[in-house]
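Right, one structure below, let's go through it.
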Amino acid sequence: MSLAAYCVICCRRMGTSAPPLKSHTYWREIRNLIKFTGSLILGGSLFITYEVLALKKSLTLDTQVVEREKMKSYIYVHTVSLDKRESHDTFSTVDVEDHECPVWLLLRKSRSDDRAARLQAVQEMSEAHHWHDYQYRIIAQACDLRTLTGLARSQESDLRFFLHPPPLPSLKEDSSIEEELRQLLASLPQTELDACIQYFTSLALSESSQSLAAQKGGLWCFGGNGLPYAESFGEVPSATVEMFCLEALVKHSEIPTHCDKIEANGGLQLLQRLYQLHKDCPNVQRNIMRILGNMALNEHLHSTIVRSGWVSILAEAIKSEHIMEASHAARTLANLDRETVQEKYQDGVYVLHPQYRSSQPIKADVLFIHGLMGAAFKTWRQQDSERDLTEPVSEDETKYTTCWPKSWLARDCPALRIISVEYDTSLSDWRTRCPMERKSIAFRSNELLRKLRAAGVGDRPMIWVSHSMGGLLVKKMLLEASKKPEMKTVINNTRGVIFYSVPHHGSHLAEYSVNIRYLLFPSLEVKELSKDCPALKTLQDDFLEFAKDKHFQVLSFVETLPTYIGSMIKLHVVPLESADLGIGDLIPVDVNHLNICKPKTKDAFLYQRTLQFIRDALAEDLEN
Numbered sequence: 002m003s004l005a006a007y008c009v010i011c012c013r014r015m016g017t018s019a020p021p022l023k024s025h026t027y028w029r030e031i032r033n034l035i036k037f038t039g040s041l042i043l044g045g046s047l048f049i050t051y052e053v054l055a056l057k058k059s060l061t062l063d064t065q066v067v068e069r070e071k072m073k074s075y076i077y078v079h080t081v082s083l084d085k086r087e088s089h090d091t092f093s094t095v096d097v098e099d100h101e102c103p104v105w106l107l108l109r110k111s112r113s114d115d116r117a118a119r120l121q122a123v124q125e126m127s128e129a130h131h132w133h134d135y136q137y138r139i140i141a142q143a144c145d146l147r148t149l150t151g152l153a154r155s156q157e158s159d160l161r162f163f164l165h166p167p168p169l170p171s172l173k174e175d176s177s178i179e180e181e182l183r184q185l186l187a188s189l190p191q192t193e194l195d196a197c198i199q200y201f202t203s204l205a206l207s208e209s210s211q212s213l214a215a216q217k218g219g220l221w222c223f224g225g226n227g228l229p230y231a232e233s234f235g236e237v238p239s240a241t242v243e244m245f246c247l248e249a250l251v252k253h254s255e256i257p258t259h260c261d262k263i264e265a266n267g268g269l270q271l272l273q274r275l276y277q278l279h280k281d282c283p284n285v286q287r288n289i290m291r292i293l294g295n296m297a298l299n300e301h302l303h304s305t306i307v308r309s310g311w312v313s314i315l316a317e318a319i320k321s322e323h324i325m326e327a328s329h330a331a332r333t334l335a336n337l338d339r340e341t342v343q344e345k346y347q348d349g350v351y352v353l354h355p356q357y358r359s360s361q362p363i364k365a366d367v368l369f370i371h372g373l374m375g376a377a378f379k380t381w382r383q384q385d386s387e388r389d390l391t392e393p394v395s396e397d398e399t400k401y402t403t404c405w406p407k408s409w410l411a412r413d414c415p416a417l418r419i420i421s422v423e424y425d426t427s428l429s430d431w432r433t434r435c436p437m438e439r440k441s442i443a444f445r446s447n448e449l450l451r452k453l454r455a456a457g458v459g460d461r462p463m464i465w466v467s468h469s470m471g472g473l474l475v476k477k478m479l480l481e482a483s484k485k486p487e488m489k490t491v492i493n494n495t496r497g498v499i500f501y502s503v504p505h506h507g508s509h510l511a512e513y514s515v516n517i518r519y520l521l522f523p524s525l526e527v528k529e530l531s532k533d534c535p536a537l538k539t540l541q542d543d544f545l546e547f548a549k550d551k552h553f554q555v556l557s558f559v560e561t562l563p564t565y566i567g568s569m570i571k572l573h574v575v576p577l578e579s580a581d582l583g584i585g586d587l588i589p590v591d592v593n594h595l596n597i598c599k600p601k602t603k604d605a606f607l608y609q610r611t612l613q614f615i616r617d618a619l620a621e622d623l624e625n
């Protein structure tokens, strides 16, 4: 605009001024005008060009910088097995900034040949709570199997260390999860199986989801195949077929060669799909965890289990408020963790404490054995009829706990390893899980003794804690161990036994069951509790002599109140004279048979007396 104004002024001057006397004056003014205009145009052009170039430069991204940042945030690795990756010490050659060095140094340290250095690296990773998201992802994508498992078993680990499981393969066209489960089950070997595995397998394969739904009411008729399951499945009818198949797969997964078949046929991915689908069904998730824990007993399957994404699921489950979910996840992770765990935890053996890696040295074991119709967790809950295991534990576990050995005893005696055992029992053959299963106390004691020895029981001083029929199993296990040289450490390291209402001389429940045997059809376990059972009398006489010879410390509790069996029957299950072993203290308590092992509070006499016995019996071992 300034250029245009100047031209207008010049033109006006030329138009209004008098004609020059000389022509050279006119041309001089024209030249001056051209010089000024040219210089103005040239300067403006240069200024505009400079501004355009500067703006372009400011808007241009440095692609090398972007690529470097991407490389810092993500690590792209070739698809190779974890076993091969573990043998190489390869890291990205990216230009790492100073504040990134600790991450890479910890990764390198976690692959050290020095075991102590590896453990320290995992501990330092688990204690890191100030990193950025991408730094956790660096660890998640670059760490090896040992490190990932160690992080999952570290209590303070951030869940961002664990990648989401890989996408699951799509189901086959015109197929369903139930059909896939049956196909997986059918692909497993069907010969040379014990009676119960054959029973569960044939039952799952012979029933369809439609017939099961239609026969739901018919399952209650006597003799129906599904009678044992009708009550427990009533709340989740959609999961009935899956439960039949899962029960069979649990049995198959106890056989190592069958575990290989399950993995080869996509069982890990199928179980993961089922686990995510039934997040609101604890029974389904429990059996899936049992299968996975059994498969983790086979070390050659560890890398496959990790690659399938199960570790991230387990890392979250072990932090659950639900005791059952956390304990099943802890068992599987312990079987995967060969870096710090030498023992192997078979189906039915659960560590209540410590469930994570710990710097606390373990000096002794306490083993909890439930009784008839009991379980590894619910038997040892606090006395409160209105709560159950599906409810989350309150923030203050000193007020209420669904498992007092895990909450109270572990806090009062942190140097103990606390193990709880689970096995199937039934009052009646009508309700037995497997009609072909007739397990005597002698059979069960040998089975449990084998599992406990695999878990390292006998390597440390220990106390046995038992309820009802569980006490008979403890007596039988100790007698059997005394006859086997390889079990000698179990006897030598037993410091004492606690009996909660154990029927050493028989139970009124067995007498009642025999009187109505044509209606109840008492199970073998119940029959062995009758006062006139020769095996029971022999067990009592042999153990009494054995315990006196070994100088075991013994503490016995017995109920004084009757117990309601259903809504109609009231029985004093274990009377005072039957609970008297013949040695040790016998303490009557004003509770019924079910609550004799369930203290009302942490300050209750039942718990405090139990705690005192454990501390006294293990005093020398805990001090060392």
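Using the numbering used here, you'd call the opening residue of the sequence shown number 2 and step up by one each time. Here a beta-carbon is modelled for each residue, glycine too, at the ideal position from N, C-alpha and C.
When the options are compared against residue i, the one with the closest alpha-carbon
i: Thr-380; options: Lys-599, Pro-563, Val-491, Glu-181; result: Lys-599
i: Ser-508; options: Leu-612, Leu-373, Gln-554, Arg-119; result: Leu-373
i: Glu-344; options: Ala-455, Gly-375, Val-350; result: Ala-455
i: Ser-536; options: Pro-563, Gly-267, His-506; result: Correcting the residue type first, residue 536 is Ala in the shown sequence and not Ser. Ala-536 has its Cα closest to that of His-506, out of Pro-563, Gly-267, His-506.
i: Leu-473; options: Val-491, Ile-370, Pro-563; result: Ile-370
i: Arg-496; options: Ile-363, Val-555, Thr-148, Ile-597; result: Val-555
i: Gln-383; options: Thr-602, Pro-168, Gln-121, Leu-540; result: Thr-602
i: Leu-417; options: Gly-349, Ile-442, Ile-464; result: Ile-464
i: Thr-426; options: Ile-420, Leu-149, Arg-412, Ser-441; result: Ser-441
i: Arg-308; options: His-279, Ala-327, Gln-273; result: Gln-273
i: Ser-313; options: Ser-359, Lys-262, Gly-151; result: Gly-151
i: Tyr-357; options: Ser-502, Lys-452, Ser-158; result: Ser-158
i: Gln-286; options: Leu-612, Ala-411, Ala-318; result: Ala-318
Residues near residue i in its chain [Cβ-Cβ closer than 7 Å; skip 5 each side]
i: Leu-315; result: Ala-153, Ala-330, Thr-333, Leu-334
i: Ile-289; result: Leu-247, Leu-272, Leu-275, Tyr-276
Extent of the continuous alpha helix (DSSP H) run through residue i
i: Ile-256; result: That residue, Ile-256, is in no alpha helix (DSSP H); it is neither H nor E in DSSP.
i: Val-307; result: 303-308
i: Ile-419; result: No alpha helix (DSSP H) holds Ile-419; the beta strand (DSSP E) holding it covers 417-422.
i: Pro-283; result: 283-296
i: Leu-473; result: 470-483
i: Val-312; result: 311-318
i: Asp-622; result: 620-624
i: Gly-268; result: 268-278
i: Ile-597; result: Premise fails: Ile-597 is in no alpha helix (DSSP H) and is neither H nor E.
i: Pro-103; result: 102-111
As assigned by DSSP and simplified to three states, the class of residue i
i: Gln-554; result: strand
i: Thr-561; result: coil
i: Tyr-401; result: coil
i: Leu-587; result: strand
i: Met-463; result: strand
i: Leu-353; result: strand
i: Ile-566; result: strand
i: His-509; result: helix
i: His-329; result: helix
i: Tyr-608; result: helix
i: Lys-379; result: helix
Cβ shell of residue i (< 8 Å), same chain only, five flanking positions each side left out
i: Leu-271; result: Ile-178, Glu-181, Leu-182, Leu-185
i: Ser-321; result: Ala-327, Ala-330
i: Ala-618; result: Ile-464, Arg-496, Gly-497, Gln-554
i: Glu-87; result: Legend: pLDDT at Glu-87 = 45, less than 50; position of this residue unreliable, value from coordinates given subsequently. Within the same chain, Glu-87 has close Cβ partners Arg-112, Asp-145, Leu-146, Arg-147.
C-beta atoms of residue i and residue j nearer than 8 Å
i: Val-251; j: Ile-306; result: no
i: Asn-684; j: Glu-255; result: Here the chain comprises residues numbered 2 to 625, so residue 684 is not present and cannot be evaluated.
i: Asp-338; j: Val-458; result: no
i: Arg-616; j: Cys-414; result: yes
i: Ile-584; j: Lys-549; result: yes
i: Leu-450; j: Glu-481; result: yes
i: Glu-1; j: Leu-275; result: Outside the displayed span of the chain (2 to 625) sits residue 1, for which this structure offers no information.
i: Arg-147; j: Arg-109; result: no
i: Ser-467; j: Phe-444; result: no
i: Asn-593; j: Pro-563; result: yes
i: Val-350; j: Ile-420; result: yes
i: Lys-1; j: Leu-572; result: Any answer about residue 1 is impossible in this case: the structure gives the chain only from 2 up to 625.
i: Leu-107; j: Glu-125; result: yes
Range covered by the beta strand (DSSP E) that runs through residue i
i: Ala-365; result: 365-370
i: Lys-571; result: 570-572
i: Phe-500; result: 495-501
Cβ-based neighbour list, residue i, same chain, cut-off 6 Å, excluding 5 preceding and 5 following
i: Leu-194; result: none
i: Glu-248; result: Phe-201
i: Lys-364; result: Ala-416, Asp-622, Leu-623
i: Gln-361; result: Pro-415
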